[in-house]
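Numbering (the UniProt record's numbering), first residue to last: 1 to 475. Just so it is clear, CB atoms sit at the ideal spot from N, CA and C, and this is done for glycine as well. Model, not experiment: these values are computed from the prediction.
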Ligand code: GLU
């Protein structure tokens, strides 16, 4: 049997991290078993589904690197097929027409509530029977599934274990509305069957649908897939993760400067574990993943841990991979990298200091753009009269330097200035840093200077000397 899983979002909004985690588990399970992963858009709720949401889901899935082997399928394009199956159940007497009006059902419900009974649809209720017997062909009706009367539905959830629900708790579900449209629980079953889905991995908010769906599979003579229901994701305060906890959409994580690998690694660990291991390459996730190691209890989202992982991936990933994702932020911050060092070189130098790609882009700016002003606090502290001599000497040495390398800058400029003027490293290092980067914080100044390039360093050191001269003149 080829394993086939699916992700079946309803396109009513962005791709939520909870959905993304479910999709990831489903995707990993397919990959681990050499199987296939299907993407299905459950867009039957015409009022709430939008093309914008479909696009956002596809964008989020692609950004996370979860390629689908089949699809996207759209439920709205499969109505004929669902109706064919409804008609088959009708022909087999496994479904029936019900003519009871909404008003009548409300009235019966009110009576049941008043009698402290569980409100439920009962085809044998005398008032419903009377209406159905009196109805003529062509009168408006819904189609209901004839749920088995006795016994119970049992399934072995791969995460939660054995689940048993008595059929007396399941009433006869509407499978086709009065307007002719098939209903959600029915479409899902027909789809999963037609698409050959062997394992349904989904959120536990669907667990109550599962016994109803199993009865429909059986009535259709379809094989029942294996189910795995994942627990929820909570915010740090224990409430269901929502907008008020911060970002919930996958693309917001892109905007905030996370690498997809970091978000994937974070999400896989949020509710699944393999010993104490925290870092998983995509290949390791695929090899080690199993449904039974998914936690039964809800997991709390922890942004600090995600930041830590992001920093890890920025530091340790191939700079070409980081560059691919950094480019979006460089564009977003209007940084043109045409005139300057290779982005990969900047990433290797600056990356480890950054938790996000937003910071990394900010800290890349001075490699590509000239500035006319220095950071006020850094300049106040370091571009003072005492720095004039060391900076002038450093400038002369920079201009004379033919070997423009980190090591030569370190030895023949910085160390040489310290030695000649008999000053400590800080007396030239900091003024030089502020001069060439515009601010007080950067990686090792010699390495930074190599990447900025000689011509720009000369020009910026002259600007710093002018700043000092101006300051002295104003004093
Ligand atoms: N369309 C459902 C949702 O977005 C998922 C249904 C399923 O996975 O069976 O919640």
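{"query": "Residue 212 CB to nearest heavy atom of the ligand GLU below 8 Å", "result": "no"}
{"query": "Range of the contiguous beta strand (DSSP E) that encloses residue 226", "result": "226–230"}
{"query": "C-alpha distance - residue 205 paired with residue 284, whole-angstrom precision", "result": "29 Å"}
{"query": "Rounded straight-line distance, which links the Cα of residue 339 to that of residue 58", "result": "34 Å"}
{"query": "Cβ separation of residue 317 and residue 15, assumed to be a contact under 8 Å, to the nearest whole Å", "result": "Their Cβ separation, rounded to whole angstroms, is 23 Å, which puts residue 317 and residue 15 out of contact at 8 Å."}
{"query": "Contacts around residue 388, its chain only, beta-carbon distance under 6 Å, and the 5 residues preceding and following it disregarded", "result": "468"}
{"query": "Segments of 3+ residues assigned as beta strand (DSSP E) that fall wholly inside the region 222–280", "result": "226–230"}
{"query": "Inside the region 92–146 only - alpha helix (DSSP H) runs reaching at least 4 residues", "result": "102–114, 126–134"}
{"query": "For residue 496, three-class secondary structure by DSSP", "result": "In this structure the chain extends from 1 to 475, so residue 496 is not present and cannot be described."}
{"query": "Short Cβ contact (9 Å threshold) for residue 332 with residue 228", "result": "no"}
{"query": "Helix, strand or coil at residue 54 [DSSP, three-state]", "result": "helix"}
{"query": "Beta-ladder partner(s) of residue 161, from DSSP", "result": "157"}
{"query": "Local conformation of residue 31 per DSSP, three classes", "result": "helix"}
{"query": "Contact check, residue 322 vs residue 259, beta carbons under 9 Å", "result": "yes"}
{"query": "Per-residue DSSP class, three states only, for residue 544", "result": "Coverage of the chain is limited to positions 1 through 475, which leaves residue 544 absent and any answer about it impossible."}
{"query": "Bridge partner(s) assigned by DSSP for residue 182", "result": "176"}
{"query": "Backbone CA spacing between residue 194 and residue 452 [nearest angstrom]", "result": "59 Å"}
{"query": "Local Cβ density within 10 Å of residue 295, reported as buried at 16 or more and exposed below that", "result": "exposed"}
{"query": "Supposed close pair residue 213, residue 188 - CB separation, criterion 8 Å", "result": "6 Å"}
{"query": "Endpoints, the alpha helix (DSSP H) within which residue 39 is located", "result": "Per DSSP, residue 39 belongs to no alpha helix (DSSP H); it is in the beta strand (DSSP E), 36–41."}
{"query": "Rounded straight-line distance, which links the Cα of residue 32 to that of residue 160", "result": "21 Å"}
{"query": "Spatially closest choice to residue 12 from 42, 38, 330, 37, by CA coordinates", "result": "42"}
{"query": "Coil, strand or helix - residue 78 by DSSP", "result": "helix"}
{"query": "Span separating the alpha-carbon of residue 457 from that of residue 359", "result": "23 Å"}
{"query": "Assigned secondary structure, residue 298 (DSSP; H/G/I helix, E/B strand, else coil)", "result": "coil"}
{"query": "Rounded separation between residue 303 and residue 143 - CA only", "result": "48 Å"}
{"query": "Bridge-paired residues (DSSP) for residue 5", "result": "37"}
{"query": "Exposure label - residue 240; buried when at least 16 CB within 10 Å", "result": "exposed"}
{"query": "Same chain only: Cβ atoms within 8 Å of residue 307, ignoring 5 sequence neighbours per side", "result": "355, 356"}
{"query": "Inter-residue Cα distance where the pair is residue 309 and residue 405", "result": "32 Å"}
{"query": "First through last residue of the alpha helix (DSSP H) which encompasses residue 456", "result": "454–474"}
{"query": "Near the ligand NAD: residue 205 beta-carbon under 8 Å from a heavy atom", "result": "Among the ligands present in this structure, namely the ligand GLU, the ligand NAD is not found."}
{"query": "The beta strand (DSSP E) enclosing residue 353, as first and last residue numbers", "result": "Per DSSP, residue 353 belongs to no beta strand (DSSP E) and is neither H nor E."}
{"query": "Contact set for residue 9: own chain, Cβ-Cβ below 6 Å, skip 5 residues either direction", "result": "19, 57"}
{"query": "Minimum C-alpha distance to residue 311 - residue among 147, 36, 348", "result": "348"}
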